[in-house]
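Visitor: Dumping the structure here so I can ask a few things about it.
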Amino acid sequence: MSVTVRVPAKVNVQLAVGAARPDGFHDLANVFLAVGLYDEVTVTPADELRVTCAGPDAAQVPLDRTNLAARAALALAARRGIEANVHIHIAKDIPVAGGMAGGSADGAGALLACNTLWNAGASRAELLAICAELGSDVPFSLVGGAALGIGRGEQLTALETGGTFHWVFAMAERGLSTPAVFREFDRLAQGREIPEPVASADLLQALAKGDADALAAAVSNDLQPAALSLFPELADTLEAGRGAGALAALVSGSGPTTAFLARDAAAARKAAEALRASGTCRSVRTAAGPVPGATVLRGSSQRS
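Using UniProt numbering, you'd call the opening residue of the sequence shown number 1 and step up by one each time.
As C-alpha cells, then:
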C-alpha cells in the first residue's frame, strides 16, 4: 500500500514586496504560475517516520524532520491523533534552493499523499490551512494553476489564464537563501518608503488573454535587486537569455534560478540551447504552464 502524488514547480510572474512587518514577514502580492517541472512524493506505511530522496541535487535535501514533507505528515497526523509512521520518498526534479518552491511542493505532495493513504478525510480547506502553517508557498503548490497570493503569499485567489505560457529556466551554480534575500531587500530599502504591494492589472489581463507579449511587458520581481546584489553573476545569465530572444527575463522568486518567457515552444527550445552554450548557468530546463497542483497519480488508502 502506497500513494504517489505529483506536484509542480512554480514561477512568480509578479512578486511585489511590502515593508517588513513586526513579525518579520513581508506583505506580498505574489502572482504564481505552476509549470511542468515536477517532484513525485510517495508515502508508504512504515515502523517510523523517515524521508528519502533521489534525483538531481538530492544530496542537498534534508532527510530529518525539518523537511517540509516530514512536517506535513506530522501536522496531519497530530490533527488526527495518529502516529506519522510513514516512509516518504521524494523523486526530485524541481531544482533545489532555486526559487521554484521545490521544498514547498514536497510539503504539499506529502500532505495530500498522507491524507489519501490514511483515509484521513481532511477537506480541501483543512489541507490549505495546514499548508499555510507549513510555509507561504505551500498552499499554491497544492492548488496549482495560476493564483494571486496576498498576506505572506498564502491567501490565494485563483486567476483566469487564456492560454499556455512557455518558459526556460536556468539553474545557477549555487543556491540562495530566501531569508538572506529578504534581509538584503530590507537593507537595500532602508531610507525609502515601500509602497503597499498590489497585483498589476496589466499582468492579470495578460494572463487572462494568454498574451505572452503583454505578459512579458508586465512581469516584475521586487526581490530581483536583492538577489543580484548577493549573486551578481546572475546578471550575465539574464543578459544571455535576453540575447537568446526571450520576451522577458527575471529572477524566479528569491532566486537564484532565472526564468525566461518565450513566445512558443520552438522559441523556448532555441533560447534553452543558447543558454546552455553561454556558460552562464549550471543547467537549463524548459517547461510550460499553467498546470494543475498536487495530484494523486496512484495508490490506495490503508483502510480501503
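For every residue, glycine included, the Cβ atom is placed at its ideal position computed from N, Cα and C.
#1: Which same chain residues end up closer than 7 Å to residue 308 when comparing Cβ atoms and leaving out the 5 residues on each side of it in sequence?
#2: State buried or exposed for V1, treating a residue as buried only when at least 16 other CB atoms are found within 10 Å of its CB.
#3: Assign D57 to one of two classes, buried (16 or more other C-beta atoms within 10 Å of its C-beta) or exposed (fewer than that).
#4: Do F182 and A223 come within 9 Å of each other at the CB atom, strictly closer than that value?
#5: Given a threshold of 16 other Cβ atoms within 10 Å of its Cβ, counted over all protein chains shown, does D106 qualify as buried or as exposed?
#6: Give me, in chain order, the residues of the same chain whose beta-carbon lies closer than 8 Å to that of A235; leave out the 5 immediate sequence neighbours on both sides.
#7: Spatial neighbours of T44 within its chain, please: C-beta separation below 6 Å, excluding the five flanking residues on both sides.
#8: Out of V61, R285, R6 and F25, which one is the CA nearest neighbour of A180?
#9: Provide the residue span of the alpha helix (DSSP H) that contains P225, from first to last.
#10: First and last residue of the beta strand (DSSP E) that includes C53?
#11: Specify the secondary structure class of V13 as computed by DSSP and reduced to three states.
#12: The beta strand (DSSP E) with T286 in it runs from where to where?
#13: Would you kindly check if the distance between the Cβ of L37 and the Cβ of I94 is under 9 Å?
#14: Could you give the residue range of the beta strand (DSSP E) that holds T295?
#15: So, are the CB atoms of T280 and R269 less than 9 Å apart?
#16: Report all residues from its chain with a CB closer than 7 Å to the CB of N12; omit the five preceding and five following residues, and keep chain order.
#17: Residues in the same chain with beta-carbon distance under 6 Å from A248, minus the five sequence neighbours each way, listed in chain order, please.
#18: Taking the C-alpha atoms as reference points, what is the distance between I194 and L28?
#19: I believe G293 touches S136 by the beta-carbon criterion, under 8 Å. Please report the beta-carbon distance rounded to the nearest angstrom.
#20: So which of Q60, E83 and L15 has the shortest CA-CA distance to E48?
#21: Where does T42 sit, in a helix, a strand or coil, going by DSSP?
#22: Which partner residues does A170 have in the DSSP bridge list?
#23: Let's see if you can read the secondary structure: which residues bound the alpha helix (DSSP H) around A217?
#24: From L156 to I130, what does the alpha carbon distance come to, in whole angstroms?
#25: Under the three-state reduction of DSSP, which class applies to A244: helix, strand or coil?
#26: What residues in its chain sit with their C-beta under 6 Å from that of T164, if we drop five residues either side in the sequence?
#27: Taking the C-alpha atoms as reference points, what is the distance between V7 and I90?
#28: Can P290 and G55 be called in contact, C-beta distance under 9 Å?
#29: Verify the contact flag: V17, CB atom, against every heavy atom of the ligand HEM, threshold strictly below 8 Å.
#30: Rounding to the nearest angstrom, what Cα-Cα distance links residue 359 and G255 in this structure?
#31: Give every residue of the same chain whose Cβ lies closer than 8 Å to the Cβ of Q14, excluding the five residues on either side of it in the sequence, and list them in chain order.
#32: Have a look at T257 and V17 and give me their C-alpha separation to the nearest angstrom.
#33: Residues in its own chain within less than 8 Å of E196 by CB, not counting five upstream and five downstream?
Guide: The answer reads as follows:
#1: Because the chain spans 1 through 304 in this model, residue 308 falls outside it and cannot be assessed.
#2: According to the sequence displayed, residue 1 carries Met and not Val. With fewer than 16 neighbouring CB atoms inside 10 Å of its own CB, M1 falls in the exposed class.
#3: It counts as buried.
#4: Note on residue identity: the sequence assigns Leu, not Ala, to residue 223. For L223 and F182, yes; Cβs fall inside 9 Å.
#5: By the 10 Å Cβ count, D106 comes out buried.
#6: Here the set comprises L228.
#7: Excluding sequence neighbours, T44 sits near S2 and H87.
#8: Here the closest residue by C-alpha is F25.
#9: Its alpha helix (DSSP H) spans residues Q224 to L230.
#10: It spans R50 to A54 - the beta strand (DSSP E) in which C53 sits, taken as one unbroken run.
#11: In the three-state reduction of the DSSP assignment, V13 falls in the strand class.
#12: S283 to G289 is the span of the beta strand (DSSP E), which, as asked, contains T286.
#13: For I94 and L37, yes; Cβs fall inside 9 Å.
#14: Unbroken beta strand (DSSP E) run through T295: T295 to G299.
#15: Between T280 and R269, the C-beta gap is not smaller than 9 Å, which leaves the two residues out of contact.
#16: So the qualifying residues of the chain are N30, V31, F32, N221, S252 and G253.
#17: Non-local C-beta neighbours of A248 in its own chain, meaning closer than 6 Å and more than five positions away in sequence, comprise A216, V219 and L261, ordered along the chain.
#18: Approximately 12 Å between the Cα atoms of the pair.
#19: Incorrect: roughly 15 Å between the Cβ atoms, too far for contact.
#20: Of the candidates Q60, E83 and L15, E83 places its Cα closest to the Cα of E48.
#21: Note: T42 maps to strand in three-state DSSP.
#22: Residue pairing by DSSP places A170 opposite T258 and V284 in a beta bridge.
#23: Annotation: the continuous alpha helix (DSSP H) that includes A217 extends over A212 to A218.
#24: Here the C-alpha atom of L156 lies approximately 14 Å from the C-alpha atom of I130.
#25: Coil at A244, not helix or strand.
#26: Apart from the 5 residues on each side of it in sequence, T164 sits with its Cβ closer than 6 Å to the Cβ of A288 in its chain, given in chain order.
#27: Rounded to whole angstroms, V7 to I90 spans 11 Å at the Cα level.
#28: Cβ atoms of P290 and G55: not closer than 9 Å.
#29: Looking for the ligand HEM in the displayed structure turns up nothing, as the structure carries no ligands at all.
#30: Beyond the ends of the chain as shown, which are 1 and 304, falls residue 359; an answer cannot be given.
#31: Excluding positions up to five away in sequence, the list reads A29, N30, V31, A199, S200, L203, A218, V219, S220 and N221.
#32: Spanning the two alpha carbons is a distance of roughly 19 Å.
#33: Contacts found: G18 and D27.
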